[in-house]
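Here's the structure, in structure tokens; my notes come after.
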Amino acid sequence: MEFAIVLMMLLIVVALGAIKLSDSGVAFPFRRKPQLFTPVEHSFLNLIEQAMGHEFRIVSRVRLNDIVSVRQSANKKTASQALSRASARQLDFVLVDKRDMTPVLAIDLVHNKGQDGYKAQKDWFVTGALDAAGVPHARIKVKSGYSVDEIRECLENKLIPLRRLQQRKASMPTLNPEPPKRPTRPVRSSRPAAA
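Read left to right, the sequence shown gives residues 0 to 194 (numbering that gives the first Met the number 0).
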């Protein structure tokens, strides 16, 4: 009987705790957004996929410090300041190589509506960091009516150094060519064996 009373009290305490935790105002005041992208970002993502999706993967909303790193020769104070500034910056889209996922091109959309438009002013820290890391940066003004060819032309202009590097690598002779295929076991002689 005493065991049943203790068990009932324990059950009541657990129930009260569950009610308190399930209160919607206390735990996590979040709700799901109806869309991940704005309509402008979504249509632009579709244009980029049609223009470059066969060759590159398109990654969206990437923090700057996800694609650049601080040189080891930098002192600790400068490195920590640069990392904190880079973690606060975000790129709208990044093209990455499908084979090894290396960043190839950073893309920012520029809205010029109003005086304080979205990324209307060029961020010199982002541009400088990407230039130092060797990642091209394309800033594209948002307007309606872009065609796939216009987007492809704009992005290909930024990818000219990458294309030249790819051509140089393709035309360079390999230092260690593949050895010719040889038998892996000794070849038998066609002469009869001596008795």
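Note that beta-carbon positions come from the ideal geometry of N, C-alpha and C, so glycine has one too.
Contact annotation: Leu158 and Leu108 have beta-carbon atoms that are not nearer than 8 Å.
A buried status is given to Val67, since no fewer than 16 other beta-carbon atoms sit within 10 Å of its beta-carbon. Per DSSP, reduced to three states, the secondary structure at Lys19 is helical. For His136, the enclosing beta strand (DSSP E) begins and ends at His136 to Lys140. The region 134-152 makes contact with the region 47-61; the number of CB pairs closer than 8 Å reaches 3 or more.
About 15 Å separates the Cβ atoms of Leu82 and Val61, ruling out a contact at the 8 Å cut-off.
Here the alpha carbon of Gln34 sits roughly 9 Å from the alpha carbon of His41. Within the same chain, and ignoring the five residues on either side of Arg56 in sequence, the residues whose Cβ sits closer than 6 Å to its Cβ are Val95 and Lys97.
Runs of the alpha helix (DSSP H) spanning 4 or more residues and lying entirely within the region 64-96 occur at 75-86, in chain order.
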